[in-house]
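Chemist: In UniProt numbering, the protein residues as written are 1 to 392. Even glycine gets a Cβ: it sits at the ideal position worked out from N, Cα and C.
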């Protein structure tokens, strides 16, 4: 299953009464809150600089997560262990990369943090930064030795997760990384990226350059052309019998890519070339889910008009309408409702689209759903109504 690096569970637990001492808890709280004066006072009092909470988070982790660079600098100056890991295997560099704190990332790397250390499930700092769309952090990590060829335990690379999460700038940084990088795209993929039909045609004369040639993440040249909306190369590849339904390692097809990136002409070309309009990724996302989540109403409209299922569900039970509600994409939601999408369809946790809109604070979509007479008192698996969730 496609995995996302996730440290929220670690960070959600602040130092608690179960900790060894009130002193340790106070020290960790001061670091988390960015209270430099109190942090220094605790250290002068002899507290262990590397003490941690039950989840393995120490002062450096907590200050890093919250972006308190002055506290981070002081802790590093006083000898905090830059490689200390939480119970999930995350170092401070993993945490800073996930949060996008570029200056702290630089400070940690300058202090000797290992850029290619893999945490639980194989996540690297580069993977985490790529997942969250932090292009400047990605660029810095690549310049300082990060290996974008390292994959998670499930075989996914930073490029795969950046494409999956629709982070355009990060994808560009990774694709354009030059010879200093650890990963170079095959020449045919580069031609697809540049919409260079002449070069692509020449490359295809070489039997080694198959139209199904894959990157380490399983992406074909047609996936790359779909991402950039490069119709000319896409036409060439399809004429040369490229599989329009080819699945990358996470089961992403070119139509998923084109839909997510809002490439209308590419979506039409792929559908006209017999792409499976309801193909699912490993997480159960259809192209319509991708378009709805990204807010591409013209793609949503085209997919629906071409027969895409508005009731398709992901493994978690999310419909395209849930996705539109998640992103507050009112126009996409309106199109889905016009095509008779269910207002009150529920996920495996019995969440309706209104629950999702309430959770995300998305007023426009919530108002649309209520105007269309959705059930305002629907209860999720935990008994919460949308109002409970909005009040949390």
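Ignore the nearest five residues each way along the sequence and tell me which others in residue 39's own chain have a CB closer than 6 Å to its CB.
Modeler: Only 30, 31, 71 meet the Cβ criterion.
Chemist: Within 10 angstroms of the Cβ of residue 198, are there 16 or more other Cβ atoms? Answer buried if so, exposed if not.
Modeler: Looking at its Cβ environment, which holds fewer than 16 other Cβ atoms inside 10 Å, residue 198 is exposed.
Chemist: Hey, how far is the Cα of residue 234 from the Cα of residue 192?
Modeler: C-alpha separation (whole angstroms): 8 Å.
Chemist: For the alpha helix (DSSP H) that contains residue 69, what are its first and last residues?
Modeler: Where residue 69 is concerned, the enclosing alpha helix (DSSP H) stretches over 69 to 77.
Chemist: Which value, in whole angstroms, describes the spacing of the CA atoms of residue 139 and residue 168?
Modeler: Their Cα atoms are separated by approximately 13 Å.
Chemist: What beta strand (DSSP E) runs, 3 residues minimum, are completely inside the stretch 22 to 72?
Modeler: Fully enclosed beta strand (DSSP E) runs of 3 or longer: not present.
Chemist: Using CA atoms only, rank isn't needed, just tell me which of 159, 285, 381, 288 is closest to residue 130.
Modeler: For the residues 159, 285, 381, 288, the minimum Cα distance to residue 130 belongs to 159.
Chemist: Around the Cβ of residue 291, are there at least 16 other Cβ atoms within 10 angstroms (buried) or fewer (exposed)?
Modeler: With 16 or more Cβ atoms within 10 Å of its Cβ, residue 291 is classed as buried.
Chemist: Does the beta-carbon of residue 249 have 16 or more other beta-carbons within 10 angstroms, so that it is buried, or is it exposed?
Modeler: The residue is buried, with at least 16 neighbouring Cβ atoms inside 10 Å.
Chemist: Contact between the stretch 347 to 361 and the stretch 380 to 387: three or more CB pairs below 8 Å?
Modeler: Yes, the stretch 347 to 361 is in contact with the stretch 380 to 387.
Chemist: Determine the extent of the alpha helix (DSSP H) in which residue 105 is found, giving its start and end residues.
Modeler: Run containing residue 105: 102 to 110, per the alpha helix (DSSP H) assignment.
Chemist: Can you check whether the CB of residue 53 is closer than 9 Å to the CB of residue 28?
Modeler: Taking 9 Å as the Cβ cut-off, residue 28 and residue 53 qualify as a contacting pair.
Chemist: Can you give me the start and stop residues for the alpha helix (DSSP H) that residue 232 sits inside?
Modeler: Looking at the DSSP string, the run of the alpha helix (DSSP H) that includes residue 232 is 231 to 239.
Chemist: Is residue 282 helix, strand or coil by DSSP?
Modeler: Coil.
Chemist: Can you tell me which of 287, 261, 230 puts its alpha carbon nearest to the alpha carbon of residue 247?
Modeler: Cα-wise, what sits closest to residue 247 is 287.
Chemist: Applying the criterion that 16 or more other CB atoms from any shown protein chain within 10 Å of the CB defines a buried residue, is residue 294 buried or exposed?
Modeler: Classification of residue 294: buried, given that the 10 Å Cβ count is 16 or more.
Chemist: Once DSSP output is grouped into helix, strand and coil, what is the label at residue 115?
Modeler: Correct three-state label for residue 115: coil.
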